[in-house]
Amino acid sequence: MFIRLVDESSGGWGHINFDHFRLHPKRPAAVTPPAIRLTPDEYPYRGLAADDAAAAMQVPEGFRVQAIASEPDVKQPIAFALDDRGRVWVVEAYEYPQRAAGDKGRDRILIFEDTTGDGTLDSRKVFFDGLNLVSGLEVGHGGVWVGAAPYLLFIPDSNHDDVPDAEPQILLDGWGYQDTHETLNAFCWGPDGWLYGCHGVFTHSKVGVPGAPDDQRTRINAGVWRYHPKRHTFEVFAHGTSNPWGVDFNTYGDAFITACVIPHLYHMIPGGRYQRQAGQHFNPATYDDIKTIADHLHYVGATPHSGNGKSDSAGGGHAHAGAMIYQGDTWPAKYHGQIFMNNIHGQRLNVDALRPSGSGYVGTHEPDFLLTGDQASQILNMRYGPDGDVIMIDWYDMQACHRREVEVHDRSNGRIYKISYGEGNSEEYSQVDLAKHSNTDLAKLCLHSNEWYSRHARRLLAERSHQPDEEVAASLRAATRSNPDATRRLRAMWALFGYESWTDKDFEMGLKDNDPHVRGWAIRLHDQYLQSRWSESQLTELLPLARTDPSPIVRRELASLLMRIPPAKRWDLAAALIAHAEDADDHNLPLLYWYAIEPLAEENPDRALALAVGASDSIKLLSRYMLRRVAGSGGEDAVQRLTTALASEESPKLRGLYLSALRKSLLGVKQLSAPEDWPMVYRELIQADELAQVVDTAALSLIFGHLPEASRTRLQSVANDHSLDSSIRISAIEGLAAQSQPQDWSWFVDLGVSIGAATDETHTSAPAVAAAAIGALSRFDNPNIAKRLLAAYPNLENSGQRIAISTLCTRPAWAIALLKAIGGGKVSAKDLTADLARQLEYMESPDVDRLLAQHWGGVRATNSDKLATIVEYKKLITDGARPTPDLGRGRLIFSKTCQRCHSLYGVGQNLGPDLTGSNRKNLDYLLENIVDPSAVMSKEYQQTVILTVDGQALTGIAVEENQNALVLQTAESKLTIAKEDIELRKLSPLSMMPENQLQAFSESEIRDLIAYLRSQRQVELPAPTP
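Converting from the sequence shown to our numbering requires adding 47 to each position, the first position being numbered 1.
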């Protein structure tokens, strides 16, 4: 016996243990080791006065923390910026978590200043009052930039007298605020002069200038965006992640964000698409996205939420706010270039080192920098100033998680802290005012060792670029070519570009630089200079670079460039880039190349196919994805194209890719003429060594109507073979189901009920295979199916019973039979879950509605009914005279109901939100979401209702779609529905989780379930009843 471990992942970390192996004639009894209990973290403080909170913070030796402003002078600080004098501009967010009606609100912008040089902010003034749901702030270009969904605003103050020149201007609208803690945020100026910001995944925006139609707007629901302050252009810089609340740029101008729930750190590359917390990428041909650069997690436990309050040893927890890459000049050198972020549940500042790796970086864990020990501390962002020390704002609220209820948030306080090293030197820097400097002085400051000076000097030069000084431009140009430090050459390049003095010669010289970051930025800046309007000759000049440049950093920039130019101009550069076999294992490049070449499938499918298949020896991912993409373009032309290529392909691995792509592209297609080369392909591949290729060949042959009986027999033999892995058997069942005939129903019933009732332990694949066979029965409109399933129901295992109930709920006649069986006691009413009861309502059958009310209960309730229900449940659950709830029995109930969609402590499904980190301890919150789950619902969890032409009613979350088929994810399985069979499709305003979830349970069961949902640790399931 031997084990081969093959790693085809580019992920940052992994772990595997090997011990000894023995083979047994029968499956041995499993021994479950005792669970390691995670001990609660200790945060001893809460509700401290500002000075006491600062004194309680633990920082490395030599550092000190000072409260430089606090309540009542500042409350609810949600965003801040430092101006050219080092003054602190802060937004107070009084409206969060609800936007006030109309545009007028209570949020306001304050300006704080240290006028005495003692480090405290002794001067305070109100710059603007009356804003609404503010979440972002930055200063520059003659005014103040404000994010207040649905608007990006600009408040002019051209003479810098701290008095607005006019009312706020709406630059962009369409910013969503469905989730008010995932709006536009974390504003900062990028090295290229754009205003950058973040955006969360559960808020859906269509951004454009006021009055723009939808086709002139840009969608974003997770990622990093940017806005040019002079051109007034908006674009998404990179898509994906979760709810980032911090973005910053390192010494090479690379962007990094911090995130929540998913891993915490990402290197954001222009045009990149990144791991999402939920939902699908806008481009359905994304296929995969770029993952975290962190080689570690900041939480322990099976899921992000399960580590809340127990992750001190790892860094505190999964949720982060703020991002600061320290580039001041007064802290010890070891902190320079490290990224700081606040850990919300861990009450601390985490630090990661950014270590170069390939085209990007690896984020490695460094010791936590600051521990507040304070449960109320909610530091949202931090920035270094002209003195090299760091200022940070603290929301300061015991309510760490987002809640829509206004009353749960403490609005009485807020803090601004300063972290200093040594004695500090605030007095020396209290008179700084870069706006008074000449352009010559600003050019020199662009190279300053404290990046605060460099960033502000660059921006001021950009503001003055309407009359550029040739001597200033010459000095910057000289620095780009002669400064021995590549990071200073970069700063000179950025400044020269912002000063609108960039030329073709600067681009040419930048490409000759010996540092890859400089060469990369020359490409990026010149693309902005040309506004992506490259001529053919200019692109041709980049070909030698694409072919021979030794640095993956340069190829990264070229890949980003490809995404910005028209597809017709991408071919030659793309071919040069994807020939680099050394990039196959790079963290970023294979997917960046894919995002760049994917549109070529529409431009010229044959050429795109040849391009990507030609890369099968260098970057295999590209050939697999392009096959899928070309196949997915649909139509007989695509099928013929792939079949012709398949017929001449000799590589077994590529043949498998062709077959898989063909089959996936034909999901939902019932019949198609066989391509010309198919008989020859069939003869050879039906005998292939790889069984998966045999199954795909037979399934495709059924679609093509080529030797259907032989193909059907081959698929049935695979499906019936208990010795095979479940995945290959299910693949065969899906192929049979997609091309089934009316008389085939009995074969599916026989297979499903026989396997579903199997108790032989060698049938390890039985539950999944039975589910596939029984689930396929929904395609057949035959009354005998209900009779057979209900007769077999008592003998089915739990998973078989669940899929049988789900199947019976797809047709009115079957639903009537099921409800009568419930009324007759043959099926427990508890087995009909509330989501399926709601699905029955969508049938709009009077007979179904009557029997449902008679034998199960009502699904909908009025608002007054819901409130009364919550009161009754709360009284029941808090009744201390009743027996103590049984947590184990509560988990058992959860496993049969809620777990079908949700997970808790790492166990369950991800169809609905993970419950581990929700506000479960709060009984009101829990009951409100159970009794009225549609009150607040993210779009990602909104269900699609399908009524088919032959009478099926189906509900689920749409997870995939092409021109032929729609794939719904239900609580039990994925359903593929041919679009030609859909009579009605609509999005339901109601949650997939229906009301009245608890009505099927006894009072003791309700108490057990709620107690388990509110528990703080996992419990064992009770032993099965003999």
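Ideal placement from N, C-alpha and C gives every residue a C-beta, glycine not left out.
**Report entry** Residues of its chain near Ala1070, where Cβ-Cβ distance is below 7 Å and the 5 sequence neighbours each way are ignored
**Finding:** none
Query raised in the report: Considering Glu1008, what are the terminal residues of the beta strand (DSSP E) in which it resides?
Result: 1000-1008
Requested in this report: Label Ala900 either buried or exposed according to how many other C-beta atoms from any shown protein chain fall within 10 Å of its C-beta, with 16 as the threshold for buried.
Outcome: By the 10 Å Cβ count, Ala900 comes out exposed.
Report task. Helix, strand or coil for Asp441, going by three-state DSSP, please let me know. Result -> Strand at Asp441.
**Report entry** Val741 beta carbon less than 8 Å from that of Arg761
**Finding:** yes
Report task. Go to Glu650, then tell me how far its alpha helix (DSSP H) extends in each direction, as first and last residue. Result -> 647-650
Query - Residue burial classification, Val210 (beta-carbon count within 10 angstroms, cutoff 16) - result: exposed
Query - Whole alpha helix (DSSP H) elements within the region 784-866, 4-residue minimum - result: 792-803, 813-822, 830-839, 845-855
Query raised in the report: Would Lys552 be called buried (16 or more neighbouring beta carbons within 10 Å of its own) or exposed?
Result: exposed
**Report entry** DSSP state of Ser707 mapped onto helix, strand, coil
**Finding:** helix
Query raised in the report: Given that a residue counts as buried once 16 or more other Cβ atoms are within 10 Å of its Cβ, and exposed if not, what is Met727?
Result: exposed
**Report entry** Own chain partners of Gly407 with C-beta closer than 7 Å, once the 5 adjacent residues on each side are dropped
**Finding:** His314, Ile340, His634, Asn635
Query raised in the report: Should Gln734 go down as buried or exposed, given a rule of 16 or more other Cβ atoms within 10 Å for buried?
Result: Per the 10 Å Cβ criterion, exposed.
Query raised in the report: According to the Cβ coordinates, are Asn486 and Arg458 closer than 8 Å?
Result: no
Report task. Measure the C-alpha to C-alpha separation of Asp239 and Ile850 and round it to an integer number of angstroms. Result -> The C-alpha of Ile850 is placed about 55 Å away from the C-alpha of Asp239.
Query raised in the report: Thinking just about the alpha-carbon of each residue, which of Arg602, Phe827, Glu975, His484 is nearest to the one in Arg506?
Result: His484
Query raised in the report: Once you ignore the five residues that flank Ala1025 on each side, which residues in its own chain have a CB closer than 6 Å to its CB?
Result: Gly715, Ala1012
Query raised in the report: Would you report the Cα separation of Gly164 and Val479, rounded to the nearest angstrom?
Result: The straight-line gap from Cα to Cα measures roughly 11 Å.
Query - Whole runs of the alpha helix (DSSP H) within the region 926-960, excluding any shorter than 4 residues - result: 934-943
Query raised in the report: Whole-angstrom Cβ separation of Leu879 and Arg967, contact assumed at under 8 Å?
Result: Contact doesn't hold; Cβ gap of about 26 Å is too wide.
Requested in this report: Please classify Ser766: does DSSP put it in a helix, a strand, or coil?
Outcome: A small correction: the amino acid at residue 766 is Ala; Ser does not occupy that position in the sequence shown. Of the three classes helix, strand and coil, the one that applies to Ala766 here is helix, per DSSP.
**Report entry** Same chain, Cβ closer than 6 Å to Thr333, neighbours up to 5 away in sequence not counted
**Finding:** Arg320
Requested in this report: Give, in chain order, every unbroken run of the beta strand (DSSP E) that is at least 3 residues long and sits entirely within the region 448-514.
Outcome: 462-468
Report task. Run the CB neighbour count on Glu723, radius 10 Å, all protein chains shown included, and call it buried at 16 or more, exposed below. Result -> exposed
Query raised in the report: Start and end of the beta strand (DSSP E) containing Tyr576?
Result: Looking at the DSSP string, Tyr576 is not in any beta strand (DSSP E); the run it does join, the alpha helix (DSSP H), is 563-577.
**Report entry** Spatial distance of Glu108 from Lys465 (CA atoms)
**Finding:** 16 Å
Query raised in the report: Alpha carbon to alpha carbon, what distance is there between Val248 and Pro1074?
Result: Absent from the structure is residue 1074, since the part of the chain shown begins at 48 and ends at 1073.
Query - 8 Å Cβ cutoff met for Ser787 and Arg835 - result: no
Query raised in the report: With 16 other CB atoms within 10 Å as the buried threshold, where does Gly872 fall?
Result: So Gly872 counts as exposed.
Query raised in the report: Helix, strand or coil for Ile217 per DSSP?
Result: strand
Query raised in the report: Apart from the five residues just before and just after Trp792, which ones in its own chain have a Cβ nearer than 7 Å to its Cβ?
Result: Result list for Trp792: Leu824, Phe827, Asn829, Ile832, in chain order.
Query raised in the report: Should the region 918-934 be regarded as contacting the region 966-980, the criterion being three or more beta carbon pairs within less than 8 Å?
Result: yes
Report task. Using a threshold of 8 Å, state whether the C-beta atoms of Leu508 and Ala542 are closer than that. Result -> Yes, Cβ-Cβ distance for Leu508 and Ala542 is below 8 Å.
Query raised in the report: Taking contact to mean at least 3 C-beta pairs separated by less than 8 Å, is the region 573-583 in contact with the region 287-297?
Result: no
**Report entry** Among Pro930, Ala694, Val138, Glu650, the one whose alpha carbon lies nearest that of Met673
**Finding:** Glu650
Query raised in the report: Quick one, which of Ser774, His251, Pro317, Lys717 has its alpha-carbon nearest Tyr224's?
Result: His251
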